[in-house]
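Peer 1:
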Amino acid sequence: MLELLFVIGFFVMLMVTGVSLLGIIAALVVAMVVMFIGGLFALMLKLLPWLLLAIAVVWAIRAIKAPKVPQYQRNNRFRY
């Protein structure tokens with residue numbers, strides 16, 4: 001909702017200052033791209049701890065449930 005108010009206010013201020021319609025559209029496109037990239041960056045920072053936690057859990061589960069292969073069977077993969 002705040003982004004929509006920003007875009008409307010930005011549009012109105014550019015119209016009041018006398019910028020052409022093409023300039024207004026270009027400025028709106030640039031502002032939306034910048035806000036989109038900023039939002040993705042903020043979302044990434046917000047979700048980063050959960051992603052690291054998921055990676056740690058998968059690593060721990062794989063370490064705990066690793067198959068226990070006897071030492072003498074490890075080097076016998078090419079024997080018939």
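Position one of the sequence shown corresponds to residue 1 (UniProt numbering), numbered consecutively onward.
Glycine included, every Cβ here is placed at the ideal spot set by N, Cα and C.
(1) Comparing C-alpha positions only, which one of Phe-10, Leu-40, Ala-54, Leu-48 sits nearest to Ala-26?
(2) For Met-44, I'd like the list of residues in its chain whose CB is within less than 7 Å of its CB, leaving aside the five on either flank, ordered along the chain.
(3) Looking at C-alpha atoms only, which residue of Leu-4, Lys-68, Ala-66, Arg-62 is the closest neighbour of Met-32?
(4) Helix, strand or coil for Ala-66? Go by DSSP, reduced to three states.
Peer 2: Quick answer:
(1) Phe-10
(2) none
(3) Leu-4
(4) coil
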